[in-house]
Amino acid sequence: MKFLVCISLVPDTTTKISFIDNDTKFNNDKVQWILNPYDEWYALVRALELKEANGGTVTVINVGSAENDQVIRKALAIGADDAIRIDATGELDSFAIAAEIAEVVKSGGYDMILLGKETISYNSSNVGGMIAELTDLPFVSYASKLDMNGSTAHLERDIEGGKEILEVDTPFVISCAKGMAEARIPNMKGIMGAKTKPLNVVTPKGIAPLTTVVKYELPPAKSACKMIAAENAEQLIELLHNEAKII
Amino acid sequence: MAILFFVELAEGKVKKASFEAASYASEFASSTGKEAIGIALGTIDDQQLSDLGNYGAKKILHSNNTAFDNFDANQFAKAIAEVATQVNADTIVISQTLAGKAIAPSISARLKAGLVAGAVGLPDANLVVKKGVFSGKAFAYVKVDTAVKVISVVPNSFGAKKGSGSAGIEAVNITPASSRITVKEVTRQSGDIAPLPEAELVVSAGRGMKGPENWGIIEDLATALGATTACSRPVADVHWRPHHEHVGQTGVAIRPNLYIAIGISGAIQHLAGVNQSKVIVVVNKDPEAPFFKAADYGIVGDAFEVVPKLTAAVKAFKASQH
Ligand SMILES: Cc1cc2nc3c(=O)[nH]c(=O)nc-3n(C[C@H](O)[C@H](O)[C@H](O)COP(=O)(O)OP(=O)(O)OC[C@H]3O[C@@H](n4cnc5c(N)ncnc54)[C@H](O)[C@@H]3O)c2cc1C
Numbered sequence: 001m002k003f004l005v006c007i008s009l010v011p012d013t014t015t016k017i018s019f020i021d022n023d024t025k026f027n028n029d030k031v032q033w034i035l036n037p038y039d040e041w042y043a044l045v046r047a048l049e050l051k052e053a054n055g056g057t058v059t060v061i062n063v064g065s066a067e068n069d070q071v072i073r074k075a076l077a078i079g080a081d082d083a084i085r086i087d088a089t090g091e092l093d094s095f096a097i098a099a100e101i102a103e104v105v106k107s108g109g110y111d112m113i114l115l116g117k118e119t120i121s122y123n124s125s126n127v128g129g130m131i132a133e134l135t136d137l138p139f140v141s142y143a144s145k146l147d148m149n150g151s152t153a154h155l156e157r158d159i160e161g162g163k164e165i166l167e168v169d170t171p172f173v174i175s176c177a178k179g180m181a182e183a184r185i186p187n188m189k190g191i192m193g194a195k196t197k198p199l200n201v202v203t204p205k206g207i208a209p210l211t212t213v214v215k216y217e218l219p220p221a222k223s224a225c226k227m228i229a230a231e232n233a234e235q236l237i238e239l240l241h242n243e244a245k246i247i
Numbered sequence: 001m002a003i004l005f006f007v008e009l010a011e012g013k014v015k016k017a018s019f020e021a022a023s024y025a026s027e028f029a030s031s032t033g034k035e036a037i038g039i040a041l042g043t044i045d046d047q048q049l050s051d052l053g054n055y056g057a058k059k060i061l062h063s064n065n066t067a068f069d070n071f072d073a074n075q076f077a078k079a080i081a082e083v084a085t086q087v088n089a090d091t092i093v094i095s096q097t098l099a100g101k102a103i104a105p106s107i108s109a110r111l112k113a114g115l116v117a118g119a120v121g122l123p124d125a126n127l128v129v130k131k132g133v134f135s136g137k138a139f140a141y142v143k144v145d146t147a148v149k150v151i152s153v154v155p156n157s158f159g160a161k162k163g164s165g166s167a168g169i170e171a172v173n174i175t176p177a178s179s180r181i182t183v184k185e186v187t188r189q190s191g192d193i194a195p196l197p198e199a200e201l202v203v204s205a206g207r208g209m210k211g212p213e214n215w216g217i218i219e220d221l222a223t224a225l226g227a228t229t230a231c232s233r234p235v236a237d238v239h240w241r242p243h244h245e246h247v248g249q250t251g252v253a254i255r256p257n258l259y260i261a262i263g264i265s266g267a268i269q270h271l272a273g274v275n276q277s278k279v280i281v282v283v284n285k286d287p288e289a290p291f292f293k294a295a296d297y298g299i300v301g302d303a304f305e306v307v308p309k310l311t312a313a314v315k316a317f318k319a320s321q322h
């Protein structure tokens, strides 16, 4: 089976977010980039597990500049066989990214396209559904379980307050949530091997974005926390009712 | 011109988030001289749909084709896109529920209509829409460069605004695309407690509770308040609590009206998923716990003493309300 895992780069989870150029650009200075945790922990690891069980190849794909290569190699160190980087630069939105990936999907003969449920940077959850639509493949989002039986996938998908159990035949697109797999730490052999695995750079089609970010903003600073003595804990309820008007 | 909003159904009912979507669409429609029209797909009685009129909807289009009773994002997106074209909608509003997160991008790609995923406010005069980014650590103002726009609205951000009005219900004939997904089974938690992503009141606890056997006092407080329970990541990782309760940057991101954090230190990754809550209460025995910096109300104390007091106070308060 041929697996394609979309991987995105995001600022490390401890990053202090700030902006430059009159709040029109994210401040990259000193930012440590990591693989988007959902792409890495759930989508990539589950693809590797399925490959290990049933055979096949796992390719990772990223849209971005050569600066991304070092982080892409981490996905190879975890176990992906090869990588594709679509060499697009400039401000891309989810649509432009999805459309570039869709071009690779159309000619790649993949059985399954996996990605995380969302990025922790833009929190949009857009790319999977867009790839599916652009390639006319079925889409299952927020899957927490995936098992294969021949070419049929047995899946669980999160819904509000519950689960749905589904079946779908390959090829399809799937976004992965908690429950899918456990994070893997690359070992020395993986890290050494990653250096020589193929990382193929492809020229983008140059698909135009449909949206632009005009400005960023940090949330207003919180006003000071009102402290209540533990002995008078019950006062909290009165404050929540009369002051915060929340209960 | 119209603003089309999607009416999401679950178990033969209109989902709460759809009333908010109706309010959002209606307010945007009236500020631009347009009409808010809803589209409902699947089995529901029209009486329930007409309630959306109280939230400003002028008309609800309804396809009661049972093919829509099972969710398939492609199928729903195709149907909604078709209706959007029919009614000449220039904006499509979807609640950013789990289903909405799958439908909105599909419609966007299908119609080549720019999407703002996770709007927290109405478009401004220049049609720029505010959305959360970096897991609650910042906001972005997004301009949609296409004539037709798709906006998905974060649940509990805009609010459902009930007024009075009536919506006409019209049957629409849509031929559903054949689904390639087979739904085998749907399970939902029973009871009246709202699922975490929709909850207005949340009581959450962390490693400070020492072990799963101590969650009784957390559940008691949640029950007294009518709140949903949540937890920090390490607590779910060691299976003290179920995975779906894990909130934070790598768990569920929530924005309830009230978030009570008990025995949770307030790590940056935890805060990322909860800092959009309207009011945050922190109970922690360590006065230096970072969570106090993000809190509106704080109690320094031992959870095992403080929480039962809170529960008793909530019960007394509820009794006094009757
Ligand atoms: C990539 C990445 C992603 C992550 N994502 C998430 C995420 O999504 N969600 C998340 O929650 N975490 C996440 N984490 C983990 C996060 O960094 C913290 O480790 C975690 O949130 C700590 O959980 P905690 O507050 O329950 O435990 P601790 O940090 O151990 O804090 C326990 C707190 O309980 C207090 N306490 C102890 N006893 C009592 C008592 N008797 N009464 C009152 N208070 C008491 C202590 O003072 C302390 O503040 C992530 C980490 C990484 C690296």
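Quick mapping for you: the protein sequence lines, in order, are chains R and C. In this text, residue positions in the first sequence follow the numbering used here: the first is 1, and each later residue adds one. In this text, residue positions in the second sequence follow the numbering used here: the first is 1, and each later residue adds one. Note that CB positions come from ideal geometry on N, CA and C, so glycine has one too. On a predicted model such as this, the values are computed, not experimentally measured, just so you know.
| Query | Result |
| --- | --- |
| Contact set between Val339 (chain C) and chain R, taken where Cβ atoms lie within less than 8 Å | Examination of residue 339 (chain C) is not possible in this model, given that chain C is present from 1 through 322 alone. |
| Cβ-heavy atom distance, Pro234 (chain C) to ligand 1, below 7 Å | yes |
| Paired residues, beta bridge with Pro11 (chain R) - DSSP | R:Trp33 |
| Proximity test, Cβ basis, 8 Å: Val168 (chain R) and chain C | yes |
| Any non-hydrogen atom of ligand 1 within 7 Å of Thr85 (chain C) CB | no |
| Identity of the residue in C:Glu170, C:Val133, C:Ala84 nearest Val148 (chain C) by Cα | C:Ala84 |
| Proximity test, Ser125 (chain R) beta-carbon vs ligand 1 heavy atom, cut-off 7 Å | no |
| Any chain R beta carbon closer than 8 Å to Asp192 (chain C) | no |
| Pairwise C-alpha distance: Pro256 (chain C) and Gly12 (chain C) | 25 Å |
| Backbone secondary structure at Ser135 (chain C) - three-state DSSP | coil |
| Residues of the stretch 155-186 of chain C with Cβ closer than 7 Å to any Cβ of chain R, in chain order | Arg180, Ile181, Thr182, Val183, Lys184, Glu185, Val186 |
| Element boundaries [beta strand (DSSP E), containing Phe5 (chain C)] | 2-7 |
| Cβ pair Leu115 (chain C), Pro105 (chain C) closer than 8 Å | yes |
| Ligand 1 heavy atom lying under 7 Å from the CB of Lys16 (chain R) | no |
| Neighbour-count burial assignment, Asn284 (chain C), 16 or more Cβ in a 10 Å radius | buried |
| Interface residues of chain C facing Ile113 (chain R) [CB-CB closer than 8 Å] | Within 8 Å Cβ-Cβ: nothing; Ile113 (chain R) doesn't reach chain C, min ~14 Å. |
| When R:Thr152, R:Glu231, R:Leu114 are compared against Met130 (chain R), the one with the closest alpha-carbon | R:Leu114 |
| Which residues DSSP lists as bridging Arg85 (chain R), in chain order | R:Asn62, R:Val201 |
| Sequence-distant residues of its chain with Cβ nearer than 7 Å to Leu166 (chain R) (five each side left out) | Val140, Leu155, Arg157 |
| Assigned secondary structure, Arg46 (chain R) (DSSP; H/G/I helix, E/B strand, else coil) | helix |
| Straight-line gap, Glu164 (chain R) to Met1 (chain C) (C-alpha atoms, nearest Å) | 37 Å |
| Segment contact flag, the stretch 198-215 of chain C with the stretch 259-278 of chain C, C-beta cutoff 8 Å, min 3 pairs | yes |
| Chain R contacts made by the stretch 89-103 of chain C, where a contact means CB separation under 7 Å | Thr97, Leu98, Lys101, Ala102 |
| Below-8 Å beta-carbon distance, Asn36 (chain R) vs any chain C residue | no |
| Runs of alpha helix (DSSP H) lying entirely within the stretch 161-217 of chain R, each at least 4 residues, in chain order | 188-194 |
| Host beta strand (DSSP E) of Ala36 (chain C) (start-end) | 35-41 |
| Beta-bridge partners of Thr57 (chain R), as assigned by DSSP | R:Lys2 |
| Phe139 (chain R), enclosing beta strand (DSSP E) - first and last residue | 139-149 |
| His322 (chain C), buried or exposed, once every other Cβ within 10 Å from all chains shown has been counted against 16 | exposed |
| Local conformation of Glu234 (chain R) per DSSP, three classes | coil |
| For Glu20 (chain C), three-class secondary structure by DSSP | helix |
| Cβ of Lys13 (chain C) within 8 Å of any chain R Cβ | no |
| Validate contact between the stretch 165-184 of chain R and the stretch 211-224 of chain C using beta carbons, cut 8 Å, 3 pairs | no |
| Chain R contacts made by the stretch 246-270 of chain C, where a contact means CB separation under 8 Å | His246, Gln249, Thr250, Gly251, Ala253, Asn257, Leu258, Ile268, Gln269 |
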